[in-house]
Amino acid sequence: MEQYVIKGGNPLVGEVEIGGAKNAALAILAAAIMTDETVIIENMPDVRDTNVMIQAMESIGVLVERTDRHTVKINARNIHGHVIEDDYIKKIRASYYLIGALLGKYKNAEVALPGGCNIGSRPIDQHLKGFRALGAKVSIAHGLIIAEAEELKGSHIYLDVVSVGATINVMLASVMAPGTTIIENSAKEPHVVDVANFLNSMGANIKGAGTDVIRVKGVPSLRGTEYAIIPDQIEAGTFMFAAAATKGDVTVKNVIPKHLESISAKLMEIGCEIEESDDAVRVVAAKPLGHTHVKTLPYPGFPTDMQPQIAVTLGLSAGTSIVTESIFENRFKYVDELTRMGANIKVESNTAIIDGVPRYTGASITAPDLRAGAALVLAGLAAEGITTVDDIRYIERGYEDFDAKLRLLGAQIERITSERELQKFKLKVG
1 MEQYVIKGGN PLVGEVEIGG AKNAALAILA AAIMTDETVI IENMPDVRDT
51 NVMIQAMESI GVLVERTDRH TVKINARNIH GHVIEDDYIK KIRASYYLIG
101 ALLGKYKNAE VALPGGCNIG SRPIDQHLKG FRALGAKVSI AHGLIIAEAE
151 ELKGSHIYLD VVSVGATINV MLASVMAPGT TIIENSAKEP HVVDVANFLN
201 SMGANIKGAG TDVIRVKGVP SLRGTEYAII PDQIEAGTFM FAAAATKGDV
251 TVKNVIPKHL ESISAKLMEI GCEIEESDDA VRVVAAKPLG HTHVKTLPYP
301 GFPTDMQPQI AVTLGLSAGT SIVTESIFEN RFKYVDELTR MGANIKVESN
351 TAIIDGVPRY TGASITAPDL RAGAALVLAG LAAEGITTVD DIRYIERGYE
401 DFDAKLRLLG AQIERITSER ELQKFKLKVG
């Protein structure tokens with residue numbers, strides 16, 4: 001039993017440091033195996049997903065040394081196999097980046113079909129289409145994706161849907177393919193740009209990352225590099241909404257404010273004050289919050305990974321808000337849990353209609369996935385009384401020291417593993 005237990009009702013106040021972007025880190029770890037030279041990656045988040053990725057890389061002979069908690073040294077000179085099928089890797093979605101990396105370097109890869117959060121179908125057909133366009137044969141057998149090629153060649157690829165994973169995977173596979181690869185309708189997310197910048201620092205020739213057309217000119221080989229991962233916009237956004245939901249005043253540090261514009265805009269719309277500096281954003285929720293409409297869209301639109309957090313906040317805002325989820329079809333599974341806390345939300349297809357209530361009340365709830373789990377913690381922090389959150393392993397996939405960072409802002413939250421610890425917490429908070 002691993003749970004968070006929370007006594008809600010305290011406004012969060014203070015400063016919080018944001019770590020490296022998990023979604024960039026996973027792809028950059030995969031990309032690091034594409035050279036035989038040593039790669040040093042800084043600002044690596046210490047979360048379950050990145051640790052699983054590192055274990056999978058070690059299983060095929062990659063040497064990974066942690067020089068400190070957030071810095072890893074990687075050498076992939078002695079990779080002894082191109083098959084990755086340990087049980088861990090099935091648990092994370094981003095395992096598929098190892099296909100693009102191994103295919104690009106060795107023209108051969110076999111990787112277990114990916115898992116991750118159950119937030120709806122996330123087909124990998126665009127990835128496979130991209131690999132085939134570069135000249136690979138791709139099949140699925142015995143639970144593995146098998147990709148192989150005698151040689152890869154630059155190609156023109158139009159992605160049918162905007163896909164971060166497919167954009168990154170095609171970049172990885174094409175970076176050493178002779179000729180020029182053009183990826184049209186590519187994703188523009190900050191972590192796509194980060195991966196392109198990382199590959200370029202290794203000697204790749206990638207232009208256009210951050211736009212909807214990326215051009216990759218194949219190079220013969222990649223070299224070692226030192227690189228720092230960008231800050232995590234989703235962790236930052238989660239703390240921004242934590243300030244709003246608890247009527248607090250939080251400065252989120254070590255961020256790139258431009259990456260947070262869609263989040264800041266919505267917070268201002270519902271009545272928060274936002275102050276931006278070079279690498280920090282302050283959110284003050286001094287006034288009663290109002291309602292808004294929000295639709296999730298690919299970057300620079302409002303992120304699907306922030307949808308549960310804004311819904312929790314709008315549940316405590318005056319009036320009726322509408323949240324439309326246009327990316328994943330299964331992303332409202334947290335609504336039942338929120339309803340147990342007193343929220344008034346109706347879900348119709350891909351839309352949630354939220355009537356604001358004056359307060360939430362504590363309850364025993366379960367995290368259905370990573371981002372919804374974090375959002376339910378925010379609900380517990382804003383609620384009256386005690387809330388316990390089960391299945392926190394989902395939350396720990398993407399948030400480092402989540403409870404410790406919240407405590408620094410004045411939250412009453414503990415990570416517990418027994419009934420005895422729960423009773424002790426209740427006695428302590430009275």
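In this text, residue positions in the sequence shown follow this note's numbering: the first is 1, and each later residue adds one.
We put the CB at the ideal spot given by N, CA and C, even for glycine.
| Item | Value |
| --- | --- |
| With DSSP as the reference, identify every bridge partner of N108, one or two as the case may be. | E148 |
| To the nearest angstrom, how far is the alpha carbon of G218 from that of D87? | 34 Å |
| Have a look at E419 and P123 and give me their C-alpha separation to the nearest angstrom. | 40 Å |
| Where does the unbroken alpha helix (DSSP H) through Y394 begin, and where does it stop? | R393 to E396 |
| Is there contact between the segment 4-18 and the segment 190-209, where contact requires at least three CB pairs shorter than 8 Å? | no |
| State the start and end residues of the unbroken beta strand (DSSP E) segment that holds A228. | T225 to A228 |
| Going along the chain, which residues of its own chain have a beta-carbon closer than 7 Å to the beta-carbon of A204, five neighbours each way excluded? | V175, V219 and L222 |
| What is the DSSP secondary structure of H156, reduced to helix, strand or coil? | strand |
| Taking the alpha-carbon positions, what's the K105 to M34 distance? | 6 Å |
| Per the contact definition of three or more C-beta pairs closer than 8 Å, is the segment 57-70 in contact with the segment 33-49? | yes |
| Between the segment 24-39 and the segment 242-259, can you find at least three pairs of beta-carbon atoms closer than 8 Å? | no |
| List the whole-angstrom C-beta distance separating R215 from T180, where the pair is believed to meet the contact cut-off of C-beta under 8 Å. | 6 Å |
| Quick check: G380 and V389, are their CB atoms within less than 8 Å of each other? | yes |
| Only counting the same chain, and skipping five residues up and downstream in sequence, which positions put a Cβ closer than 7 Å to that of A285? | A243, A244, K247, G248 and C272 |
| In the segment 295-327, which residue ranges form an unbroken beta strand (DSSP E) of at least 3 residues, counting only runs that do not cross its ends? | 320-324 |
| Under 8 Å, with one C-beta from each stretch per pair, do the segment 130-148 and the segment 54-64 reach the 3-pair mark? | no |
| Can you tell which of E329, L316, K266 and P178 has its C-alpha closest to the C-alpha of F302? | K266 |
| Looking at C-alpha atoms only, which residue of E189, A21, N185 and I206 is the closest neighbour of A173? | I206 |
| Given the structure, does A236 come close to the ligand ZN, in the sense that its CB is under 7 Å from one of the ligand's heavy atoms? | Among the ligands in the structure shown, none appear at all, so the ligand ZN cannot be discussed. |
| Excluding five sequence neighbours on each side, which residues of the same chain lie with their C-beta closer than 8 Å to the C-beta of E261? | P300 |
| Leaving out the 5 sequence neighbours to the left and right, which residues in its chain are closer than 6 Å to E15 when beta-carbon positions are compared? | T251 and K253 |
| Just reading off the alpha helix (DSSP H) that N344 is part of, what are its end residues? | Counting along the chain, N344 falls outside any alpha helix (DSSP H), though it belongs to the beta strand (DSSP E) covering N344 to E348. |
| Which of helix, strand or coil does DSSP assign to A209? | strand |
| Rounded to a whole number of angstroms, what is the C-alpha to C-alpha distance between I455 and N23? | In the structure as shown, the chain starts at 1 and stops at 430, and residue 455 therefore has no counterpart that could be examined. |
| In whole angstroms, give me the CA-to-CA distance for I450 and H142. | Given a span of 1 to 430 for the chain in the structure shown, any question on residue 450 remains unanswerable. |
| Per DSSP, what are the beta-bridge partners of V72 in this structure? | I41 and R66 |
| Cα-Cα, which of K91, M171, S201 and P178 is closest to F187? | The question names Phe, but residue 187 is Ala in the sequence shown. For A187, the nearest C-alpha among the options comes from M171. |
| Do you know whose CA, among L113, F239 and V161, lies nearest L407's CA? | Residue identity differs from the one stated: residue 407 is Arg in this sequence, not Leu. Measuring from the Cα of R407, the nearest candidate turns out to be F239. |
| Could you tell me which residues DSSP pairs with E184 in its beta bridges? | Y158 and V213 |
| Tell me the residue span of the beta strand (DSSP E) that contains S364. | S364 to T366 |
| Could you tell me if A311 is buried or exposed, where buried requires 16 or more neighbouring beta carbons within 10 angstroms of its beta carbon? | buried |
| I need the boundaries of the alpha helix (DSSP H) containing S174, first residue and last residue. | V164 to S174 |
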